[in-house]
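For reference, the structure discussed in these notes is given below.
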Amino acid sequence: MGHLQDGVWTHEEQLVEHDGNGAYVKRPSKFRNWVTPTGEAGPTGTDGFVAESGRYVLYAATSCPWAHRAVLYRVLKKLENHIVLVDTEQKVNGEGWGFTENGHRVPGTKHSANWLHEVYTLSDPGCTTRVTVPTLWDSRTQTVVSNESSEIIRMFDSAFVDVAESSPLLCPDNLRAEIDAMNTFVLENINNGVNKCGRSTSQNAYDEAFEDLFDALDALEERLGRQRYLIGNSPTEADWRLYPNLIRFDPIYFVGYRCNLRRIVDYPNLSNYLRDLYQTPGIAEVSDIDGMKAGTFGKAGPIGWDGIIPRGPENLLMQAHDRSRFPVAA
0 MGHLQDGVWT
10 HEEQLVEHDG
20 NGAYVKRPSK
30 FRNWVTPTGE
40 AGPTGTDGFV
50 AESGRYVLYA
60 ATSCPWAHRA
70 VLYRVLKKLE
80 NHIVLVDTEQ
90 KVNGEGWGFT
100 ENGHRVPGTK
110 HSANWLHEVY
120 TLSDPGCTTR
130 VTVPTLWDSR
140 TQTVVSNESS
150 EIIRMFDSAF
160 VDVAESSPLL
170 CPDNLRAEID
180 AMNTFVLENI
190 NNGVNKCGRS
200 TSQNAYDEAF
210 EDLFDALDAL
220 EERLGRQRYL
230 IGNSPTEADW
240 RLYPNLIRFD
250 PIYFVGYRCN
260 LRRIVDYPNL
270 SNYLRDLYQT
280 PGIAEVSDID
290 GMKAGTFGKA
300 GPIGWDGIIP
310 RGPENLLMQA
320 HDRSRFPVAA
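Quick note: the sequence shown, position 310, residue 309 per numbering that gives the first Met the number 0, numbers continuous.
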């Protein structure tokens, strides 16, 4: 995929994605502002982004696990009536993420766009950056607020508490340190681990990532034999940051990303845990496995070798799980 260079789209991929040893390295996000309850500045970026119903637009894509996080949170935090969702997709010979229908009217502007990069240059006409999903757009100031998934989900969790219907905090202050530690472990070894396996350009880098990935899955399998969720017996941010990779593992990563030592279905605790999360109200409806496969294996996808989309495996995620054997947090 190309990128924006001084505000102009180029198909050349010059923003380095590998280190000197051939290992995949996820690039940092460019836009790092925060929506907050009163509009004060967050940990990074500028102020002025107050949480309001109907003001913000979430650009996402079914095929992208990073974007899936934000789509999940839009459901979990009951923000469907407050934050507009716009789907994007990659197109053959296209310019990165494009809109499913050409001529998308960018909210808050008179501009129509065919590609997400056009939204970026409305915000910053001279920017040099990758164009990624999720992207959070402010229709009032005509600005990209953020394209960092980990920060968007924290905004959704805490900034809109006075806007949306009440829901439990997924990163409460008393658990934040423990959640942050788990997030780091999962990010390095699983969230990025599958990409390190699939996108490494040397055997040594692949072998190291492969071992780290399955060591991490083994560790989580053991942990989930003691408790219902990653942090105790109620779901937290840590679970929902892991979920997009677990649901993609057997149909996508096992085959397409060379993560082929074991499937999630081969782990009793992880597979039951995945079914538990999938059966959370509203989650199955935003977990389109066929769409994930099409966006990955299709000709415009990251591993669309020939455009042939694997048909399997059978979706058994609505089968009964055994996680109710653990006590539920009060």
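Beta carbons: idealized from backbone N, C-alpha and C, even for Gly.
Exercise. Which value, in whole angstroms, describes the spacing of the CA atoms of residue 195 and residue 209?
Worked result: In the sequence shown, counting from the first residue as 1, residue 195 sits at position 196. In the sequence shown, counting from the first residue as 1, residue 209 sits at position 210. Straight-line Cα distance between these residues: approximately 8 Å.
Problem set entry | Candidates 161, 75, 100, of which the one nearest residue 152 by Cα | Here residue 152 refers to the residue found at position 153 of the sequence shown. The alpha carbon of residue 152 has as its nearest neighbour, out of 161, 75, 100, the alpha carbon of 75.
Exercise. What is the DSSP secondary structure of residue 289, counted as helix, strand or coil?
Worked result: As a first step, residue 289 is located in the sequence shown; it is residue number 290 there, counting from the start. Assigned with DSSP and collapsed to three states, residue 289 falls in helix.
Exercise. Who are the Cβ neighbours of residue 270 in its own chain at under 7 Å, not counting the five residues just before and after it?
Worked result: On the sequence shown, position 271 is the one that residue 270 refers to. Contacts found: 263, 264.
For this session: Let me know the beta strand (DSSP E) ranges lying completely inside the region 93–119, each 3 residues or longer, listed in chain order.
Result: Taking only runs of at least 3 residues, the beta strand (DSSP E) segments lying wholly in the region 93–119 are 96–98.
Exercise. Which value, in whole angstroms, describes the spacing of the CA atoms of residue 308 and residue 294?
Worked result: Taking the sequence shown and counting its residues from 1, one reaches residue 308 at position 309. Taking the sequence shown and counting its residues from 1, one reaches residue 294 at position 295. Using only the alpha carbons, I get a separation of about 9 Å.
Exercise. Residue 43 to residue 234, Cα distance in whole Å?
Worked result: For the purposes of this step, residue 43 is taken as the residue at position 44 of the sequence shown. For the purposes of this step, residue 234 is taken as the residue at position 235 of the sequence shown. Cα to Cα, residue 43 sits roughly 27 Å from residue 234.
Problem set entry | Distance between beta carbons of residue 1 and residue 299, contact taken as under 8 Å | Here residue 299 refers to the residue found at position 300 of the sequence shown. Here residue 1 refers to the residue found at position 2 of the sequence shown. At roughly 13 Å, the Cβ-Cβ gap does not stay under 8 Å, so residue 299 and residue 1 are not in contact.
Exercise. Where does residue 137 sit, in a helix, a strand or coil, going by DSSP?
Worked result: Mapped onto the sequence shown, residue 137 falls at position 138. Looking at residue 137 - three-state DSSP - the assignment turns out to be strand.
Exercise. Going by the C-beta, is residue 72 closer than 7 Å to any heavy atom of the ligand MN?
Worked result: You won't find the ligand MN in this model; it holds no ligand whatsoever.
Problem set entry | Cβ contact check for the region 120–130 and the region 84–91: 3 or more pairs under 8 Å | With fewer than three CB-CB distances shorter than 8 Å, the region 120–130 does not count as touching the region 84–91.
For this session: Pick out the complete beta strand (DSSP E) segments inside the region 44–91, 3 residues or longer, and give them in chain order.
Result: Within the region 44–91, the complete beta strand (DSSP E) runs of at least 3 residues are 55–59, 83–89.
For this session: Indicate the three-state DSSP secondary structure (helix, strand or coil) for residue 169 in the structure shown.
Result: Sequence index remark: in the sequence shown, residue 169 carries index 170 (1-based). In this structure, residue 169 counts as coil in the three-state DSSP scheme.
Problem set entry | Status (buried if at least 16 other CB within 10 Å, exposed otherwise) for residue 64 | Taking the sequence shown and counting its residues from 1, the one referred to as residue 64 is at position 65. Label assigned to residue 64: buried.
Exercise. What is the DSSP secondary structure of residue 332, counted as helix, strand or coil?
Worked result: Because the chain spans 0 through 329 in this model, residue 332 falls outside it and cannot be assessed.
Exercise. For residue 30 versus residue 138, is the C-beta spacing smaller than 8 Å?
Worked result: Taking the sequence shown and counting its residues from 1, the one referred to as residue 30 is at position 31. Taking the sequence shown and counting its residues from 1, the one referred to as residue 138 is at position 139. Not closer than 8 Å, so no.
Exercise. Would you call residue 103 buried or exposed, if buried means 16 or more other Cβ atoms sit within 10 Å of its Cβ?
Worked result: Translated into the one-based positions of the sequence shown, residue 103 becomes position 104. By the 10 Å Cβ count, residue 103 comes out buried.
Exercise. Just how far apart, CA to CA, sit residue 78 and residue 181?
Worked result: Here residue 78 corresponds to residue number 79 of the sequence shown, with the count starting at 1. Here residue 181 corresponds to residue number 182 of the sequence shown, with the count starting at 1. Residue 78 and residue 181: Cα-Cα distance of roughly 26 Å.
Exercise. With contact counted as at least three CB pairs below 8 Å, one residue from each stretch, are the region 184–201 and the region 157–170 in contact?
Worked result: Flag = no, the region 184–201 and the region 157–170 do not touch.
For this session: Would you mind listing the alpha helix (DSSP H) stretches within the region 190–269 that are 4+ residues and don't spill past its ends, in chain order?
Result: Counting whole runs of 4 or more residues, the region 190–269 contains the alpha helix (DSSP H) stretches 192–198, 202–222, 236–247.
Problem set entry | Distance, residue 100 Cα to residue 129 Cα | Indexing the sequence shown from 1 puts residue 129 at position 130. Indexing the sequence shown from 1 puts residue 100 at position 101. Rounded to the nearest angstrom, the two C-alpha atoms are 22 Å apart.
Problem set entry | Distance between residue 274 and residue 231 (C-alpha atoms, nearest Å) | Translated into positions along the sequence shown, residue 231 becomes position 232. Translated into positions along the sequence shown, residue 274 becomes position 275. Going by the C-alpha atoms only, they are around 17 Å apart.
Problem set entry | Test item: CB-CB of residue 229 and residue 238 under 8 Å | To locate residue 229, count along the sequence shown from 1; it is residue 230. To locate residue 238, count along the sequence shown from 1; it is residue 239. Note that the C-beta distance between residue 229 and residue 238 is below 8 Å.
Problem set entry | Short Cβ contact (8 Å threshold) for residue 316 with residue 277 | Here the question's residue 316 lines up with position 317 in the sequence shown. Here the question's residue 277 lines up with position 278 in the sequence shown. In contact: residue 316 and residue 277 (Cβ atoms closer than 8 Å).
Exercise. Which stretch, first to last residue, makes up the alpha helix (DSSP H) that contains residue 127?
Worked result: Walking along the sequence shown from the start, residue 127 turns up at place 128. The continuous stretches of alpha helix (DSSP H) do not include residue 127, and DSSP gives it neither H nor E.
Problem set entry | CB contact below 8 Å: residue 245 versus chain B | Among the protein chains of the structure shown there is no chain B, as only one such chain exists.
Exercise. Do the region 282–297 and the region 54–72 make contact, defined as three or more Cβ pairs closer than 8 Å?
Worked result: Yes: the two stretches touch, three or more of their Cβ pairs being nearer than 8 Å.
For this session: Note down, in chain order, each residue of its chain lying with its Cβ closer than 8 Å to the Cβ of residue 283, except the 5 sequence neighbours on either side.
Result: To locate residue 283, count along the sequence shown from 1; it is residue 284. Taking C-beta separations shorter than 8 Å and ignoring five residues to either side along the sequence, the partners of residue 283 in its chain run 277, 316, 317, following chain order.
For this session: Identify every residue that forms a DSSP beta bridge with residue 8.
Result: Against the sequence shown, residue 8 aligns to sequence position 9. Looking at the DSSP output, residue 8 sits in a beta bridge with 3.
Exercise. Based on Cα-Cα distance, which residue from 268, 301, 40 lies nearest to residue 319?
Worked result: In the sequence shown, the residue the question calls residue 319 occupies position 320. Per the Cα distances, 268.
Exercise. Residue 246: which of 296, 297, 312 sits nearest, CA to CA?
Worked result: By 1-based counting over the sequence shown, the position of residue 246 is 247. Answer by Cα proximity: 312.
Exercise. Any idea what DSSP makes of residue 145, helix, strand or coil?
Worked result: One-based indexing of the sequence shown puts residue 145 at position 146. Under the three-state reduction of DSSP, residue 145 is assigned to strand.
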